[in-house]
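J.: In this note's numbering, the protein residues as written are 514 to 636.
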Amino acid sequence: MDQTKPFDTLVLASITSGTALTDDYGDLHEAVEHILGHLIWRHEYAASRKLAAKIICACYPDLPTDPIADVPAVQAELSRRYGAELAMPKGSIRRAGSPLDTLRDLYIAQGVRFTRRGDKTTR
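1. To the nearest angstrom, how far is the alpha carbon of Val587 from that of Pro602?
2. Since Glu598 sits in a beta bridge, which residues does DSSP pair it with?
3. Could you tell me the distance, in whole angstroms, from the CA atom of Gly531 to the CA atom of Asp575?
4. Over the uninterrupted alpha helix (DSSP H) stretch that includes His542, give me the two end residues.
5. What are the uninterrupted segments assigned as alpha helix (DSSP H) that are 4 or more residues long and contained completely in the region 567-613, given in chain order?
6. Just to confirm my understanding: we take Pro638, look at its own chain, exclude 5 residues before and 5 after, and list those with CB closer than 7 Å. What are they?
7. Check whether the region 551-563 and the region 606-615 touch, using three or more Cβ-Cβ pairs below 8 Å as the test.
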């Protein structure tokens, strides 16, 4: 069953451009989760946003993909061109790992070392 959902055009353009065109992080997070088809934790947002941006651009290739300098002008143009909302299908991408695994991987990528002591993981 195709589960499409309308999202604010500025929310989707914020995801594709990486520029905040809207003030509500919750709307951005909700859109990324819907587009990917699974829940994401806050630390996963940056990587998940990039993947969601590719999916959005496949549906709406004319949305901005570069950072936006003149935010008010682009907001007005996007609203004029696309209207208030654009529909996105629900994704079906499987998670690569649990949220705790992705958090651990993020720390490791930043050079934080973890050691095990008994049943506790410390850093």
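Ideal placement from N, C-alpha and C gives every residue a C-beta, glycine not left out.
T.: Quick answer:
1. 25 Å
2. Asp521
3. 15 Å
4. 538-549
5. 584-595
6. With the chain covering only 514 through 636, there is no way to say anything about residue 638.
7. yes
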